[in-house]
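Have a look at the structure below, then the notes.
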Amino acid sequence: MRPQDILMPAAAGLCCKAGGFHIDPVRPVERAVITHGHSDHARPGHGAVLATQETLDMMRLRYGENFARSTQAVTYGEEIRLGGVGVRFHPAGHVLGSAQIGVTCGGTRIVASGDYKDARDPTCTPLEIVPCDVFITEATFGLPVFRHGDASEEVKKLLASVKLFPERAHLVGAYSLGKAQRVIALLREAGYDAPVYLHGAMEEITQYYQSRGIDLGELRPVQGTKKADLAGTITLAPPSATSDLWTRRFPDPVTAFASGWMRVRARARQRGIELPLVISDHADWDGLTATIAATGAGEVWVTHGQEDALVHWCRSQGLAARPLDLVGYGEEDEAAATNEAEA
Amino acid sequence: MNRFAELLDRLAYEPGRNNKLRLITAYFREVPDPDRGYALAALTGALSFKHAKAGLIRDLISERADPELFRLSYDYVGDLSETVALMWPKAALPAGHNNPPPPTLTEVVTTLRTRGKTELPRQLSRWLDELDETGRWALLKLVTGAMRIGISARLAKTAAAALGGNDPHEIELIWPGLSPPYLDLFAWLEGRGDKPVNRDPAPFRPVMLAHAIEDEDFRNLDPADFIAEWKWDGIRVQAVSGRDANGHMQARLYSRTGEDITGSFPDLLPSLRLPGAIDGELLVLRDGRVQSFNVLQQRLNRKVVSPKLTREFPIHLRAYDLLGDDENDLRELPFAERRKRLQAFVKKLDDPRIDLSPTIAFDSWDALVAARANPAGAGAGEDADAVEGVMLKRREAPYLPGRPKGQWWKWKRDPHLIDAVLMYAQRGHGKRSSYYSDYTFGVWTDGEDGEQLVPVGKAYFGFTDEELLQIDRFVRRNTTEKFGPVRHVVHEPDQGLVLEVAFEGLQRSPRHKSGVAMRFPRISRLRWDKPPREADRLETLERMLKTVTGN
Numbered sequence: 535m536r537p538q539d540i541l542m543p544a545a546a547g548l549c550c551k552a553g554g555f556h557i558d559p560v561r562p563v564e565r566a567v568i569t570h571g572h573s574d575h576a577r578p579g580h581g582a583v584l585a586t587q588e589t590l591d592m593m594r595l596r597y598g599e600n601f602a603r604s605t606q607a608v609t610y611g612e613e614i615r616l617g618g619v620g621v622r623f624h625p626a627g628h629v630l631g632s633a634q635i636g637v638t639c640g641g642t643r644i645v646a647s648g649d650y651k652d653a654r655d656p657t658c659t660p661l662e663i664v665p666c667d668v669f670i671t672e673a674t675f676g677l678p679v680f681r682h683g684d685a686s687e688e689v690k691k692l693l694a695s696v697k698l699f700p701e702r703a704h705l706v707g708a709y710s711l712g713k714a715q716r717v718i719a720l721l722r723e724a725g726y727d728a729p730v731y732l733h734g735a736m737e738e739i740t741q742y743y744q745s746r747g748i749d750l751g752e753l754r755p756v757q758g759t760k761k762a763d764l765a766g767t768i769t770l771a772p773p774s775a776t777s778d779l780w781t782r783r784f785p786d787p788v789t790a791f792a793s794g795w796m797r798v799r800a801r802a803r804q805r806g807i808e809l810p811l812v813i814s815d816h817a818d819w820d821g822l823t824a825t826i827a828a829t830g831a832g833e834v835w836v837t838h839g840q841e842d843a844l845v846h847w848c849r850s851q852g853l854a855a856r857p858l859d860l861v862g863y864g865e866e867d868e869a870a871a872t873n874e875a876e877a
Numbered sequence: 003m004n005r006f007a008e009l010l011d012r013l014a015y016e017p018g019r020n021n022k023l024r025l026i027t028a029y030f031r032e033v034p035d036p037d038r039g040y041a042l043a044a045l046t047g048a049l050s051f052k053h054a055k056a057g058l059i060r061d062l063i064s065e066r067a068d069p070e071l072f073r074l075s076y077d078y079v080g081d082l083s084e085t086v087a088l089m090w091p092k093a094a095l096p097a098g099h100n101n102p103p104p105p106t107l108t109e110v111v112t113t114l115r116t117r118g119k120t121e122l123p124r125q126l127s128r129w130l131d132e133l134d135e136t137g138r139w140a141l142l143k144l145v146t147g148a149m150r151i152g153i154s155a156r157l158a159k160t161a162a163a164a165l166g167g168n169d170p171h172e173i174e175l176i177w178p179g180l181s182p183p184y185l186d187l188f189a190w191l192e193g194r195g196d197k198p199v200n201r202d203p204a205p206f207r208p209v210m211l212a213h214a215i216e217d218e219d220f221r222n223l224d225p226a227d228f229i230a231e232w233k234w235d236g237i238r239v240q241a242v243s244g245r246d247a248n249g250h251m252q253a254r255l256y257s258r259t260g261e262d263i264t265g266s267f268p269d270l271l272p273s274l275r276l277p278g279a280i281d282g283e284l285l286v287l288r289d290g291r292v293q294s295f296n297v298l299q300q301r302l303n304r305k306v307v308s309p310k311l312t313r314e315f316p317i318h319l320r321a322y323d324l325l326g327d328d329e330n331d332l333r334e335l336p337f338a339e340r341r342k343r344l345q346a347f348v349k350k351l352d353d354p355r356i357d358l359s360p361t362i363a364f365d366s367w368d369a370l371v372a373a374r375a376n377p378a379g380a381g382a383g384e385d386a387d388a389v390e391g392v393m394l395k396r397r398e399a400p401y402l403p404g405r406p407k408g409q410w411w412k413w414k415r416d417p418h419l420i421d422a423v424l425m426y427a428q429r430g431h432g433k434r435s436s437y438y439s440d441y442t443f444g445v446w447t448d449g450e451d452g453e454q455l456v457p458v459g460k461a462y463f464g465f466t467d468e469e470l471l472q473i474d475r476f477v478r479r480n481t482t483e484k485f486g487p488v489r490h491v492v493h494e495p496d497q498g499l500v501l502e503v504a505f506e507g508l509q510r511s512p513r514h515k516s517g518v519a520m521r522f523p524r525i526s527r528l529r530w531d532k533p534p535r536e537a538d539r540l541e542t543l544e545r546m547l548k549t550v551t552g553n
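Quick note, the sequences are listed as chains A and B, same order.
Sequential numbering of the first sequence, starting at 535, is according to the working numbering.
Sequential numbering of the second sequence, starting at 3, is according to the working numbering.
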């Protein structure tokens, strides 16, 4: 069977006809296999949903109990049969519970990696390299200008700034699901043991992380804290909140933003960011190319992001490659300054 | 170089003027001569390295990186120096070698000045290998002279002045006589030396600029306080003459940014024979009639100024203001007074190539509105086509550098407006590289399949940052198809976004499907309230074509 007969792009997303399911469908479908909990990948209204326990829990938190007709929790490494197709979940290292989906049919294995990163992250299981024939990769940071460096060095930058401006509050824009918790965990690793403050929109999801055994130290809500008491503190907030009236409750805030986009100056400047922190939950250029090579795949399909450059690189390495023009993913990444979204 | 790179990096993210000043002043205080002097030179645009052009940077990266990946990266980042700084693959050092220390700013500047063209690429590559990402970025910004970090020369001088609590205006006055690394300037500012003297016989004076006037401004302004004149559609220049140490007359023509453009207009030089400094507009006159900007444009940026060119495009200076009269600096005088001195100066000069910009008589804002609407009938006569609008100058205003508030106003003629429908969007460049900021818009016409939209133009500015975010969001949510960087945006009679587009002129164009081309189109308003079916029709543009080109 040809790979494109196993998985094919359709209006609702990647479709496996033989298995009767879609991966991360953007429209309601009968059976959905979901890679991770970000809202552009995990949408409500499907019939049956297969995902990791964490992803299902996150969907429940966001959409309520009835987000799908039925759900099935799958653990990493467990093999499921759907029609004539084998489906297996592997860690993607993107956020808590994120998975790559291995689809095996007639001796051909395709891995749909969803979003992934190969960088260290204390809040989720590290990326597993899954040998396969066809690797479906994201390309959010698919340009050689994106080299993210060590996230703990960026956190040191933040701590240096807090030390330099003890009279000011530090407001760190970070996506609510994943990035915020990772930044807190990195702060703790760097020895920062003061309470970290949270915007209301990230309290619930952060508590969920803690309930899964991820130690984030003492967290406090911003709500109800006096302005003067916020001097010298660090607050995590959704990116959109760092530019609105909400910031008036802070004493002379330094606005930071933790995102891979911060690598490009124009991005930081346009958003009025004073302290750009290059911390990404997506693989950077080196991560993308290294992962593709490591899977041993002879064919690469490239989805959302900078497809052109990554397709070009694959071909220059002698790999068959093509862009999958899927609409609906990663859009929030770019429009994130105004929407509550995740990247 | 690292300390300078750190300064540039922090300045790039710092929005507040006062914080920028503090950062620069702190740098001048901390960093010794001559590094700080070269930094001041870099920030004021006083350094230029003739061999270090953008093309060289491109060559360097093409030796190290895949050209297609570079092209895509550059397209995304939108800034050559930043793209190369970010993607530069460092050469592997031979085993057992430590990283050499990165170069100092002085080392970079002096090396660049002395190295020949052939040695330059190797030298730059070595530095790029030695520096980190921020250092590489700063180095490339420096050598290509394209700083663009939101720092004006004025701001850098103000920061230097703050070292000694001096008035930045004092630096401006002596600036033309100074050169990097400004040891004498810093010595004076720190109280270790005398004030440097400006010995340039024909120095440039920083130009005074006007604010665009808004309707509501008029309520607070009294017509009696102002003198009005035409805003001519040419090039703003400063024509300066003075005697050098040997008593010889030196004449120079400067652009509004202080660039010496004397070489391009040798035909004007003989007319600048009286010592003084005129602020005026450069125009092309044929048979006494001012020609359009398009005609003037054909004289600009020519490497060789041939006799044929000067004959066919006779240059002319229309004088607005007099900044210096012989040895006297007139800039502190009120405008009304300077204007009198200018009249006398132009009369004494008595030269066909230099005339006085006429004032517009008015006693009320209504009278001025009428004059602006009909320049031909209000004194501009047959030159009315070359009138871009009206300038309002406060009688009492001294000549102040920059764009001081409430002194000068420019009031351009009404642009033309149409309502068009957004059809396609493309990602922008530079600061806008992550946003859909280039918009193709269309108007309705009768097509083969009934009513259809035909593209009539492309605009990529006019909107605010907030509006950009709104349009960007609209584009992302209403994309019907993607073709590479271009998105088709929904444009149905009941679905889509109407843009009010302002433009300066309209021409017939066989190259455009619609048959018309706009000059200087920009988005003036977002009409969220308007359904696309109510947008304008091609016939409206065709009617405008008749009236616009007819005047």
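No residue lacks a Cβ here, since even glycine has one placed at the ideal position from N, Cα and C.
Please read these numbers as outputs of a predicted model, since none were measured by experiment.
_Residue from 328(B), 334(B), 363(B), 362(B) whose Cα sits closest to the Cα of residue 346(B)_ = It is 328(B) whose Cα lies nearest to the Cα of residue 346(B).
*Check the DSSP bridge columns for residue 323(B) and list the partner residues they point to.*
Looking at the DSSP assignment, residue 323(B) forms a beta bridge with 281(B).
*asked:* Can you check whether the C-beta of residue 89(B) is within less than 8 Å of a C-beta belonging to chain A?
replied: By this cut-off, residue 89(B) is an interface position.
*Please report the Cβ distance between residue 625(A) and residue 601(A), rounded to the nearest whole angstrom; I am assuming they are in contact, meaning their Cβ atoms lie under 8 Å.*
With a contact defined as Cβ atoms closer than 8 Å, residue 625(A) and residue 601(A) miss out at about 23 Å.
*Looking only at DSSP bridge pairs, what is residue 638(A) linked to?*
In the DSSP output, where bridge partners are listed per residue, residue 638(A) has 620(A), 643(A).
*Please state whether DSSP places residue 543(B) in a helix, a strand or coil.*
In the three-state reduction of the DSSP assignment, residue 543(B) falls in the helix class.
*Applying a beta-carbon distance threshold of less than 7 Å, which residues of chain A neighbour residue 68(B)?*
Those within 7 Å of residue 68(B) in chain A are 850.
_Using C-beta distances below 6 Å, list every residue in its chain close to residue 775(A), excluding the 5 sequence neighbours before and after it, in chain order._
The answer, listed in chain order, is 733.
*In angstroms, rounded to a whole number, what distance separates the CA positions of residue 698(A) and residue 754(A)?*
In a straight line, the C-alpha of residue 698(A) is about 23 Å away from that of residue 754(A).
*asked:* Can you tell me whether residue 535(A) is buried or exposed? The criterion is at least 16 other CB atoms within 10 Å of its CB, across all chains shown.
replied: The residue in question, residue 535(A), is exposed, as its Cβ has fewer than 16 Cβ neighbours within 10 Å.
*Could you tell me if residue 39(B) is buried or exposed, where buried requires 16 or more neighbouring beta carbons within 10 angstroms of its beta carbon?*
Counting Cβ neighbours within 10 Å, residue 39(B) comes out buried, since at least 16 surround it.
*Determine which residues of the stretch 394-427 of chain B have a Cβ less than 8 Å from any Cβ of chain A, and write them out in chain order.*
From the stretch 394-427 of chain B, no residue has a Cβ closer than 8 Å to chain A.
_Identified DSSP bridge partners for residue 839(A)_ = According to DSSP, residue 839(A) bridges with 673(A).
*State the Cα-Cα distance for the pair residue 42(B) and residue 21(B), rounded to the nearest angstrom.*
Each residue's Cα considered, the two are about 17 Å apart.
*What in chain B is Cβ-close to residue 842(A), meaning under 8 Å?*
When 8 Å is used as the limit between beta carbons, residue 842(A) is near these residues of chain B: 74, 486, in chain order.
*Are the C-beta of residue 856(A) and some C-beta of chain B separated by less than 8 Å?*
No - not a single Cβ of chain B is within 8 Å of the one on residue 856(A).
_Endpoints, beta strand (DSSP E) assigned at residue 491(B)_ = That run of the beta strand (DSSP E) goes 488-491.
*asked:* For the beta strand (DSSP E) containing residue 57(B), name the first residue and the last one.
replied: Per DSSP, residue 57(B) belongs to no beta strand (DSSP E); it is in the alpha helix (DSSP H), 56-66.
*What in chain B is Cβ-close to residue 806(A), meaning under 8 Å?*
Residues of chain B passing the Cβ test: 17.
*Kindly list, in the order they appear in chain A, the residues whose Cβ is closer than 7 Å to that of residue 71(B).*
Those are 678, 843, 846, 847, listed as they occur along chain A.
*State the beta-bridge partners of residue 463(B) as determined by DSSP.*
In the DSSP output, where bridge partners are listed per residue, residue 463(B) has none listed.
*If you drop the 5 nearest sequence neighbours on each side, which residues of the same chain put their C-beta closer than 7 Å to that of residue 481(A)?*
This structure leaves residue 481(A) out entirely; chain A is present only between 535 and 877.
*asked:* Taking the beta carbon of residue 363(B) as the centre, do at least 16 other beta carbons fall within 10 Å, making it buried, or is it exposed?
replied: Here residue 363(B) is exposed: its Cβ has fewer than 16 other Cβ atoms, across all protein chains shown, within 10 Å.
_Would residue 538(B) and residue 456(B) be called neighbours here (beta carbons separated by less than 8 Å)?_
With contacts defined by Cβ atoms closer than 8 Å, residue 538(B) and residue 456(B) do not form a contacting pair.
_Does any residue of chain B have a CB that is nearer than 8 Å to the CB of residue 802(A)?_
At least one chain B Cβ lies under 8 Å of residue 802(A).
*Does DSSP classify residue 2(B) as helix, strand or coil?*
With chain B represented from 3 up to 553, any question about residue 2(B) goes unanswered, as that position is not in the structure.
*asked:* Would you say residue 502(B) lies against chain A (beta-carbon separation less than 8 Å)?
replied: It does not; no Cβ of chain A falls within 8 Å.
*asked:* Report the CB separation of residue 748(A) from residue 715(A) in whole angstroms; it is logged as a contact under 8 Å.
replied: Yes, residue 748(A) and residue 715(A) are in contact; Cβ-Cβ is about 7 Å, under 8 Å.
*Quick one, which of 381(B), 88(B), 316(B), 220(B) has its alpha-carbon nearest residue 396(B)'s?*
Closest option to residue 396(B), Cα to Cα, is 220(B).
*residue 782(A) CB to nearest chain B CB: under 8 Å?*
Proximity of residue 782(A) to chain B, defined by a Cβ-Cβ separation below 8 Å, is not satisfied.
*Listing by chain order, which chain A residues have their CB less than 9 Å from the CB of residue 80(B)?*
What residue 80(B) touches in chain A: 798, 800.
*Close Cβ partners of residue 724(A) (< 8 Å) along its chain, the five nearest in sequence each way excluded*: By the criterion of a C-beta distance shorter than 8 Å, residue 724(A) is surrounded in its chain by 686, 689, 690, 693, once the five residues flanking it on both sides are discounted.
*May I ask you to check if the CB of residue 325(B) is nearer than 7 Å to at least one heavy atom of the ligand NAP?*
Although the ligand NAP was asked about, the structure shown includes no ligands whatsoever.
*Terminal residues of the continuous alpha helix (DSSP H) containing residue 348(B)?*
That run of the alpha helix (DSSP H) goes 337-351.
*Around the Cβ of residue 82(B), are there at least 16 other Cβ atoms within 10 angstroms (buried) or fewer (exposed)?*
Residue 82(B) is buried by the Cβ-count criterion.
*Leaving aside the five residues before and after residue 865(A) along the sequence, list all residues of the same chain whose C-beta is less than 6 Å from its C-beta, in chain order.*
For residue 865(A), the predicted structure reports a pLDDT of 46, less than 50, and the residue's modelled location is therefore unreliable. The matter cannot be settled from this model.
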